[in-house]
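Working notes, structure below.
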Amino acid sequence: MTLTEVAVEDAEVLLISADDDVVRARQATRAIAAKASLSLVEQTKVVTAASELARNTLIYGGGGQVRVELVRSARRTGVRLQFSDDGPGIKDIDLALTDGYTTGTGLGLGLSGSRRLVDEFDIRSGSESGTVITIVKWGR
Amino acid sequence: MVDRVPVLRIGDALLVSIQVDLQDRVAIQLQDDLSERIVETGAKGVVIDISGLEIVDSFVGRMLSSIASISRVLDAETVVVGMRPAVAITLVELGLYLDGVRTALNVERAFALIAARSSGASLVAQGAIDTDLPTAGTDP
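Protein chains in written order, with our numbering: chain A, 1 to 140; chain B, 1 to 140.
Next comes the structure, spelled out in structure tokens:
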């Protein structure tokens with residue numbers, strides 16, 4: 001999926017290295033989503049996706065960071081989140097995006113489920129470069 | 001941040017009200033605490049009020065499912081109450097159906113379910129869940 005060209009209006013970078021950083025990532029996402037005038041349901045969806053992806057960054061990526069941005073396109077405002085880690089990378093992205101597939105102990109819904117919850121989803125991964133996942137949720 | 005969610009005993013049931021965003025380890029601690037308290041008190045039911053939760057992600061969803069399974073094995077029924085509408089919409093889109101978790105709209109109804117069950121009137125309880133209308137006088 002190609003990501004829409006946007007102007008970034010507000011950005012914050014948070015480290016993800018412990019349990020409570022996942023909570024902080026959720027809170028930062030919520031704050032920006034409200035600022036971007038997302039509806040309550042849209043806010044809930046993007047915060048849930050943020051929670052899943054932040055936990056993945058922590059557990060599978062061995063920690064990393066998230067960049068939380070308020071973005072604007074020609075017509076609307078939204079939230080863009082970019083999660084990055086220097087972990088081992090995802091060997092088979094298609095497989096990792098399958099519902100129920102997990103290499104850990106979770107339900108295997110984190111990646112596939114969060115893709116359904118957002119409007120744009122981009123994933124890049126390599127064994128040398130780690131994993132970078134970018135998602136965008138637009139206000140209506 | 002809180003380290004533990006308090007578990008209250010009310011009659012035959014245990015009541016847990018989750019008021020704040022949960023860290024993963026606090027969720028795991030709650031699961032352990034509840035299992036112990038069920039055995040210790042011989043409780044017949046566990047009511048979990050999640051009206052304070054702004055999101056339920058796959059981690060918390062899995063915790064609710066395992067609390068339900070564990071308590072069933074320990075002869076207690078788990079009822080989850082107070083889910084916000086936006087959370088319900090997001091859960092389903094995420095792909096989480098909370099299998100095996102019984103839900104009720106509020107704490108009062110949850111306690112009624114558990115009371116009916118512990119008085120041995122499980123069939124009556126079943127009827128109480130499926131319909132709120134008295135059966136008398138509904139004949140055509």
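Even glycine gets a Cβ: it sits at the ideal position worked out from N, Cα and C.
- Taking 8 Å as the cut-off, the beta carbon of A:Ser112 is found closer than this to the beta carbon of A:Leu97.
- The shortest CA-to-CA distance from A:Val71 to any of A:Gly62, A:Gly63, A:Leu81 is the one to A:Leu81.
- Judged by their CB atoms, B:Glu54 and A:Lys45 are not nearer to each other than the 8 Å cut-off.
- Of the other Cβ atoms in all chains shown, 16 or more fall within 10 Å of the Cβ of B:Ala13; this residue is therefore buried.
- Here the alpha carbons of A:Gly108 and A:Tyr101 stand approximately 5 Å from one another.
- By the neighbour-count criterion, in which 16 or more other beta carbons inside 10 Å mark a residue as buried, B:Gln19 falls on the exposed side.
- The three-state secondary structure of B:Gly45, taken from DSSP, is strand.
- One thing to note: A:Asp122 has its Cβ within 8 Å of the Cβ of A:Leu3.
- Counting other Cβ atoms within 10 Å of its Cβ, A:Asn56 reaches 16 or more and is therefore classed as buried.
- Look at the segment 86 to 101 of chain B: the residues with a C-beta under 9 Å from a C-beta of chain A are Ala86, Val87, Ile89, Thr90, Leu91, Glu93, Leu94, Gly95, Leu96.
- Classified as buried, A:Tyr60 has 16 or more neighbouring CB atoms from the shown chains inside 10 Å of its CB.
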